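Colleague: With numbering that gives the first Met the number 0, letter number 113 in the sequence shown gets 112, and the count goes up by one each step, no holes.
Here a beta-carbon is modelled for each residue, glycine too, at the ideal position from N, C-alpha and C.
Small disclaimer: the values here were computed from a predicted structure and weren't measured.
One structure follows; several queries about it will come next.
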Amino acid sequence: MAYANFRDFYPYYLSEHRNPTCRKLHFAGSTLVLALIAAALFTGKMWIFALVPIAGYGFAWVGHFAFEKNRPATFKYPGYSLMGDWVMYWQLLTGKIPFEERDARAGQGADRA
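Here you go:
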């Protein structure tokens, strides 16, 4: 399915991230990405930037393959998936969506994207 815009895509993105461990791994990976970027900028060691995709994708892919049991949405929708990861990160950080999605309403909070 092709999505016309991010607002239409985001509920699908959340539905692919229902497993609490997958969400936590995404959050950990994104936090590590931010820390690596800060470390590279503050130390001037630009080689640290090479670790950013490993940290970001590594944690996320473990979450999908080992816990969510699905293929990462980034394989089909790379741009929207990158946006979705950061929107989900912010919503998890601010409590707009829970780490522990207990019911089938994984799209809850999508209207705030």
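Buried or exposed: P97, going by 16 or more other Cβ atoms within 10 Å of its Cβ?
Modeller: Exposed, since its Cβ has fewer than 16 Cβ neighbours within 10 Å.
Colleague: Within the same chain, show all residues whose beta-carbon is closer than 7 Å to that of M82, passing over the 5 residues directly before and after it, in chain order.
Modeller: Excluding residues within five positions, the ones whose Cβ falls inside 7 Å are F5.
Colleague: Going by beta-carbon coordinates alone, are G62 and S29 separated by less than 8 Å?
Modeller: Contact flag unset, no.
Colleague: Near S80, which residues of its chain fall below 8 Å by C-beta distance, leaving aside the five closest residues on each side in sequence?
Modeller: Excluding sequence neighbours, S80 sits near Y12, P71, A72, T73.
Colleague: State the DSSP-derived secondary structure class of I53, mapped to helix, strand or coil.
Modeller: DSSP places I53 in helix when its eight states are reduced to three.
Colleague: Helix or strand or just coil, what does DSSP make of G83?
Modeller: Three-state DSSP puts G83 in a helix.
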